[in-house]
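In full-length UniProt numbering, the protein residues as written are 1 to 288. Even glycine gets a Cβ: it sits at the ideal position worked out from N, Cα and C.
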Amino acid sequence: IFKQTFKYYKQKATQPSFDDVIDFKNARNLDSVIVKQVPSPSNDLIGELGLKYKENWEIYELKKVPGLFIIPNSFTDKGRRMWANKCVTEYFKKPHETNVDPFDDNPDKMWESSYSLSLLKCCPIWKLRWATLGYHHNWNSKQYSEQPCSELPSELRKTSKLFASMIGTDDFKAEASIVNYYHVGNALSPHDDTSELYLEAPLVSLSFGLSAVFLIGGTSKDQKPEALFIRSGDVIIMSGASRLAYHAVPRILKPTSDAQLKSSSVADNLDLFMSHSRLNINIRQVHS
Ligand SMILES: O=C(O)CCC(=O)C(=O)O
Numbered sequence: 001i002f003k004q005t006f007k008y009y010k011q012k013a014t015q016p017s018f019d020d021v022i023d024f025k026n027a028r029n030l031d032s033v034i035v036k037q038v039p040s041p042s043n044d045l046i047g048e049l050g051l052k053y054k055e056n057w058e059i060y061e062l063k064k065v066p067g068l069f070i071i072p073n074s075f076t077d078k079g080r081r082m083w084a085n086k087c088v089t090e091y092f093k094k095p096h097e098t099n100v101d102p103f104d105d106n107p108d109k110m111w112e113s114s115y116s117l118s119l120l121k122c123c124p125i126w127k128l129r130w131a132t133l134g135y136h137h138n139w140n141s142k143q144y145s146e147q148p149c150s151e152l153p154s155e156l157r158k159t160s161k162l163f164a165s166m167i168g169t170d171d172f173k174a175e176a177s178i179v180n181y182y183h184v185g186n187a188l189s190p191h192d193d194t195s196e197l198y199l200e201a202p203l204v205s206l207s208f209g210l211s212a213v214f215l216i217g218g219t220s221k222d223q224k225p226e227a228l229f230i231r232s233g234d235v236i237i238m239s240g241a242s243r244l245a246y247h248a249v250p251r252i253l254k255p256t257s258d259a260q261l262k263s264s265s266v267a268d269n270l271d272l273f274m275s276h277s278r279l280n281i282n283i284r285q286v287h288s
């Protein structure tokens with residue numbers, strides 16, 4: 001039944017109905033969630049990590065998927081730019097691993113002549129699908145490297161620790177991160193995350209750029225998943241029972257306005273890229 005729902009939201013022939021999708025921005029289907037408030041982090045940390053100043057932070061938990069928390073709209077515009085910029089200028093470079101390693105000898109080639117959307121689509125940056133930081137996850141063997149391939153950047157460590165502490169996990173150790181790069185038409189098939197050797201720790205996931213439909217069910221594919229919109233700046237935490245739940249990203253939503261700006265600088269290139277892409281950074285603890 002998970003696969004059916006996945007196919008429904010992934011379909012290209014007709015646009016699926018989003019009536020049942022939990023939507024925090026437009027306050028739809030929020031009877032499926034429980035909300036609680038947690039105190040705001042320190043101002044220093046908020047500034048450094050590009051987070052929003054809020055008196056209290058609201059955390060939502062899915063009633064049907066206990067342990068799945070969403071903290072919507074957590075980053076400022078400047079913060080989102082900072083994170084997006086790191087994904088497309090730093091996180092794919094050696095010693096981190098990516099699916100486009102041949103370009104690592106000259107990472108600046110990633111952006112070569114990307115001054116319009118059609119040119120951008122020819123750039124190596126458009127072919128980037130994933131980067132792994134810290135312990136490298138081998139996609140075929142589904143095992144982590146014995147030693148970390150790179151140091152996990154401090155902003156990833158601090159952000160994941162902060163969000164883990166919001167759900168009461170104060171000893172989270174950020175050891176591995178996967179950055180997923182998506183464009184309209186891409187999807188991530190139903191899967192569970194069980195490669196980590198310690199599965200009690202939560203997984204913290206940050207999203208930037210285009211919105212997506214995210215599905216999360218239970219430990220069996222026979223369980224009907226819940227569908228929710230994930231938007232730029234939303235944070236998801238998978239903990240407890242939901243940590244082992246099947247999940248998927250069937251659909252990346254098209255840009256609302258057709259951003260076709262002509263770019264002449266690196267900053268404009270980032271805007272062009274981000275208005276046609278979704279970035280997901282998830283941070284994991286591998287060992288106990
Ligand atoms: O892109 C997402 O929001 C989910 C990513 C994910 O499930 C994964 O990397 O295992």
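Here E175 is buried, its C-beta having at least 16 other C-beta atoms within 10 Å. Nearest to V179 by alpha-carbon distance, out of S211, G185, I283, is I283. Listed in chain order, the beta strand (DSSP E) elements of length 3 or more contained wholly in the UniProt domain "Fe2OG dioxygenase" (173-287) are 176-183, 188-191, 203-209, 212-216, 226-230, 235-238, 247-252, 277-284. In terms of Cα proximity to S207, the closest of K127, C87, L279, L270 is L279. Cβ contact annotation for Y135 (same chain, cutoff 6 Å, sequence separation greater than five): Y144, S145, P148, E175, A176, V286, in chain order.
If you check the CB distance, K52 and S40 do not come in under 7 Å. Here the alpha carbon of M274 sits roughly 11 Å from the alpha carbon of S211. Counting only the Cα atoms, G50 lies some 21 Å from L133.
The beta carbons of I167 and I237 sit closer together than 7 Å. In this structure, the alpha-carbon of K64 lies about 11 Å from that of D31. In this structure, A131 sits away from Y182, with a CB-CB distance that is not shorter than 7 Å. Membership of N43 in the alpha helix (DSSP H) is indicated by the continuous run 43-49. E226 sits close to L62, with the two beta carbons spaced by under 7 Å. Pairing V100 with K127 gives a Cβ-Cβ distance under 7 Å. Taking 7 Å as the cut-off, the beta carbon of F6 is found no closer than this to the beta carbon of Y246. With a threshold of 16 other beta carbon atoms within 10 Å, V35 falls short and is exposed.
From the listed residues L215, L228, F75, the smallest Cα separation to P190 is found for L215. Under the three-state reduction of DSSP output, Y53 falls in the coil class, being neither helix nor strand. Just so you know, the alpha carbons of E48 and S232 end up roughly 18 Å apart. The C-beta separation of V204 from S160 comes to about 4 Å, placing the pair in contact by the 8 Å criterion.
Residue environment: S277 is assigned as buried (16 or more neighbouring CB atoms within 10 Å of its CB, all protein chains considered). S116 counts as exposed, since fewer than 16 other beta carbons sit within 10 angstroms of its beta carbon. With distances taken between CA atoms, F69 lies nearest to I59 out of I59, F75, D77, R28. Where P124 is concerned, the enclosing alpha helix (DSSP H) starts and stops at 124-127.
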